[in-house]
Structures are given as structure tokens and as C-alpha cells.
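Participant: First residue of the sequence shown? That's 1 in the working numbering, and the numbers climb one at a time after it.
Even for Gly, the Cβ is constructed at its ideal location relative to N, Cα and C.
This one's a predicted model, so the numbers in the text were calculated from it and none came from an experiment.
One structure is given below, represented as C-alpha cells, and several questions about it will come after.
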Amino acid sequence: MLDKYYTYFVFLYRFSIIFMNKVTISNKKHQSLLSAGRVLFWKHGFRRISIDEVCKTAGTSKMTFYRYFPDKLALAKAVFDTEVDNSILQFREIMISETTASEKLEAMLRIKSDSVNNISQEFLNDFYTDKDSDLKTYIAQKTANVWNEIVNDFKLAQQKGVFRSDFKPEILLYISQQLPGFINDPYLVQLCGSPQEVVMEIARFFTYGIAPNAKTTAEK
1 MLDKYYTYFV FLYRFSIIFM NKVTISNKKH QSLLSAGRVL FWKHGFRRIS IDEVCKTAGT
61 SKMTFYRYFP DKLALAKAVF DTEVDNSILQ FREIMISETT ASEKLEAMLR IKSDSVNNIS
121 QEFLNDFYTD KDSDLKTYIA QKTANVWNEI VNDFKLAQQK GVFRSDFKPE ILLYISQQLP
181 GFINDPYLVQ LCGSPQEVVM EIARFFTYGI APNAKTTAEK
């Protein structure tokens with residue numbers, strides 16, 4: 001009887017090892033596709049990139065691609081979701097850190113700067129001005145949900161005295177919803193030098209206003 005139970009448990013153990021190995025391999029393939037999509041979409045936008053190019057960069061087959069994503073649009077959404085989730089995690093780590101308000105805002109600026117670095121104009125156009133699919137609507141809904149969470153986090157920080165009590169974080173939500181128009185405005189792009197710098201100028205304005213300060217003076 002003991003031998004029977006021993007054999008049974010050995011079987012379960014071996015099965016669990018095989019299953020976990022398959023899950024690990026599966027997760028690696030999924031992550032490879034996400035990473036490849038991010039690199040290619042960031043550089044060229046998602047319209048110009050084919051599924052074949054994504055698979056080649058990821059080192060996977062098209063069969064593997066379709067196992068995880070029904071089409072290229074689904075991959076684009078997954079890449080966007082991953083970036084948003086990572087940004088939210090970084091934001092919340094900043095909010096709970098033992099730092100001053102100015103240090104928190106500095107860190108938020110760095111996140112914003114990192115998020116716009118190496119992004120092509122094609123990427124920005126594809127993701128923010130798309131009219132042929134539901135991507136624009138998807139991004140708008142996701143962004144609105146995320147910003148509602150961020151606004152709530154700001155309000156909690158206000159209650160703790162981290163930020164000014166009369167500061168209205170909802171204004172940030174409104175400005176973020178106007179971002180597609182800003183980064184595609186020829187005048188603003190020419191004035192700032194690039195769509196990425198338009199984003200950073202808006203962020204700096206909200207962080208520092210127009211009065212001189214040690215940070216902006218040092219940058220000069």
C-alpha cells in the first residue's frame with residue numbers, strides 16, 4: 001500500500017515539474033513576443049511592422065504568435081498594457097517612498113522622460129491618432145482608468161500633507177486627454193523640437209511653473 005502511494009506521489013511530483021517547465025517556457029515565449037513588439041513598435045510604429053517581423057525578432061514561429069495573440073492589434077494592446085502597468089508600479093513606489101514632494105515630482109519626471117525616449121513619430125501617430133481600429137478608443141479608456149487611480153493616489157498624498165491641499169490633480173487628467181493634439185500640433189513640435197520634448201515641456205510646466213528654480217537654472 002505504501003509503495004502504491006509512493007508511486008502516486010512520485011508521479012504527481014514529476015508531472016508538476018514537467019507542467020511548471022512548460023509554463024516557464026510558455027511565459028518566456030510570450031515575453032519574447034511582447035519585448036519584440038515593444039522594440040519594433042517604439043521604433044517604427046505598429047502599422048509598418050508585420051507579424052513575420054515580430055516573430056523573427058522574438059525568435060518564435062507564427063504558430064506561437066497566434067497561440068497568444070489573435071492579431072497584431074492584440075499585441076499592440078498588450079504592449080501598451082504592459083507599459084502602463086509598469087508605469088503605475090513605478091508611480092506608486094515613488095508615492096510611498098520617504099522623499100519630499102519635490103523629489104517625488106523629480107522622479108515622476110524621470111519616468112515620463114524614460115517613457116518618451118526612443119519613441120518614433122510613427123509610433124505616436126499610430127497609437128494616438130489611429131482611426132481604422134478600436135486602438136484609439138482602447139487607449140483612451142485605459143488611460144482614463146489609470147488617471148483616475150493616479151488622481152486618487154494624489155488626493156491621499158494631499159491628505160497626508162505631501163502636496164498642497166488646494167492642488168487639483170484632476171487638471172492632470174484633463175491635460176493628459178489633450179496630449180494627442182499637443183504632440184501632433186506642428187507649431188508645438190517645431191517650437192519644442194520634437195513630440196517627446198512637447199511632452200516633457202508640459203510635464204516641466206506642471207512641476208515647476210514658470211518661476212526660475214534651482215533645477216531649471218542648473219539645466220541651462
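Which term fits Leu-124, buried or exposed, when burial requires 16 or more other beta carbons within 10 angstroms of its beta carbon?
Facilitator: Buried is the call here.
Participant: Check this for me: beta carbons of Ile-139 and Ile-175, under 8 Å apart or not?
Facilitator: For Ile-139 and Ile-175, no; Cβs fall outside 8 Å.
Participant: Count the other CB atoms within 10 Å of the CB of Gln-196; is the residue buried (16 or more) or exposed (fewer)?
Facilitator: Flag for Gln-196 reads buried.
Participant: Taking 6 Å as the limit between beta carbons, can you name the residues of its chain near Lys-22, skipping five residues before and five after?
Facilitator: Any reading at Lys-22 is ruled out, since the residue's pLDDT is 41, under 50, leaving its predicted position unreliable.
Participant: Tell me whether the beta-carbon of Phe-69 lies closer than 8 Å to the beta-carbon of Asp-126.
Facilitator: Against a cut-off of 8 Å, the Cβ pair of Asp-126 and Phe-69 comes out as no contact.
Participant: What residue range is occupied by the uninterrupted alpha helix (DSSP H) comprising Arg-47?
Facilitator: Note, Arg-47: premise wrong, no alpha helix (DSSP H); not H, not E.
Participant: Drop a sphere of 10 angstroms on the beta-carbon of Ile-150, count the other beta-carbons inside from all chains shown, and report buried for 16 or more, exposed for fewer.
Facilitator: When all chains shown are included, Ile-150 counts as buried.
Participant: Taking the alpha carbon of Arg-204 as the point to measure from, which residue in Glu-106, Ala-58 and Ala-78 has its own alpha carbon closest?
Facilitator: Nearest C-alpha to Arg-204: Glu-106.
Participant: Give the range of the alpha helix (DSSP H) segment to which Asn-125 is assigned.
Facilitator: Note, Asn-125: alpha helix (DSSP H), 121-128.
Participant: Taking Cβ to Cβ, would you say Leu-188 is nearer than 8 Å to Val-198?
Facilitator: Contact: yes.
Participant: With DSSP as the reference, label Thr-82 as helix, strand or coil.
Facilitator: DSSP places Thr-82 in helix when its eight states are reduced to three.
Participant: State the Cα-Cα distance for the pair Thr-60 and Thr-207, rounded to the nearest angstrom.
Facilitator: Thr-60 and Thr-207: Cα-Cα distance of roughly 43 Å.
Participant: Among Lys-28, Glu-170 and Ser-165, which residue has its Cα nearest to the Cα of Ala-225?
Facilitator: Outside the displayed span of the chain (1 to 220) sits residue 225, for which this structure offers no information.
Participant: Quick check on DSSP: helix, strand or coil for Thr-57?
Facilitator: Residue state, collapsed to three classes: helix.
Participant: Shorter than 8 Å from the beta carbon of Cys-55 to some beta carbon of chain C?
Facilitator: Of the protein chains in this structure there is only one, and it is not chain C.
Participant: Give the secondary structure of Gly-37 by DSSP, where H, G and I count as helix, E and B as strand, and everything else as coil.
Facilitator: In the structure shown, Gly-37 sits in a helix (DSSP, three-state: H, G or I).
Participant: From what residue to what residue does the alpha helix (DSSP H) around Gly-161 run?
Facilitator: No alpha helix (DSSP H) holds Gly-161; DSSP gives it neither H nor E.
Participant: Under the assumption that Leu-33 contacts Leu-75 (Cβ atoms under 8 Å), give the Cβ distance between them as a whole number of angstroms.
Facilitator: Right, the Cβ-Cβ distance comes to about 7 Å (below 8 Å), so this counts as a contact.
Participant: Using a 10 Å radius around the Cβ and a threshold of 16 neighbouring Cβ atoms, would you call Met-63 buried or exposed?
Facilitator: The residue is exposed, with fewer than 16 neighbouring Cβ atoms inside 10 Å.
Participant: Starting from Thr-207, trace the alpha helix (DSSP H) both ways and give me its first and last residue.
Facilitator: Element bounds for Thr-207: 195-208.
Participant: Can you tell me which of Gly-37, Lys-72, Met-108 and Lys-112 puts its alpha carbon nearest to the alpha carbon of Thr-82?
Facilitator: Considering only alpha carbons, the answer is Gly-37.
Participant: Run through DSSP, which three-state label would Asp-153 get?
Facilitator: The answer is helix: DSSP assigns Asp-153 an H, G or I state.
Participant: Can you tell me whether Phe-167 is helix, strand or coil according to DSSP?
Facilitator: Coil at Phe-167, not helix or strand.
Participant: Exposed or buried, what is Ala-144 when buried is set at 16 or more other beta-carbons lying within 10 Å of its beta-carbon?
Facilitator: Exposed: under 16 other Cβ atoms inside 10 Å.
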